[in-house]
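To convert, note that position 149 of the sequence shown is 1419 in this note's numbering; the numbers rise steadily by one, no gaps.
For every residue, glycine included, the Cβ atom is placed at its ideal position computed from N, Cα and C.
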Amino acid sequence: MPPLQEGYQIFKRSQGKSPPLGGLNFLTINPNCYNFYIIYNRVQGRMCMPIYEYRCNQCQRMMSFLILKISEASTLKCKGCGSKDLNRLLSRVTYHRSESDRMSEFNTNKPRGEEFYKDSRNVGLWAKKRAKELGADLGPEFDEVVDRARTGKILEDYDL
């Protein structure tokens, strides 16, 4: 699945009604899991249909299908083995949290594994939180270094 592009917003499905256009509280979801939501592109002003995820009971392969009508779901076949024995999956939903929200919930005493730092938003979070706990002001230069580390641009400084 392509990643969510700028301008897209996610809304709970509601009896075929278009999402409201102003004052929105919306969820951002795992870009690979569009299940049960309508994606509305406010920039281009178009609505996209939901994409549902399925798992094949024969080969255990996971796949996604664009379903325009409920009746189309009965004609689906596994893209791997061709079986019609598919189960629809419930996709994980997440919600957007600002850095200040994440910082307030972040525990510097809890050890973090490699998975934690695969999310680039977590780079520098420990240092920022720890500095705040100690009352140290790291200044705007530190924020610039963290931003460069999060985007991978810091590697350019070291020819890596």
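Residue environment: residue 1322 is assigned as buried (16 or more neighbouring CB atoms within 10 Å of its CB, all protein chains considered). Rounded to whole angstroms, the gap between the alpha carbons of residue 1428 and residue 1382 is 26 Å. If the five residues before and after residue 1329 are omitted, its C-beta is found closer than 6 Å to the C-beta atoms of 1350 and 1351, all from its own chain and listed in chain order. Residue state for residue 1335 is assigned as strand, using DSSP reduced to three classes. As DSSP reads the structure, residue 1424 sits in no beta bridge. For residue 1395, the uninterrupted alpha helix (DSSP H) segment begins and ends at 1395-1404. Within the DSSP secondary-structure output, residue 1357 pairs in a beta bridge with 1325. Here the alpha carbons of residue 1325 and residue 1340 stand approximately 18 Å from one another.
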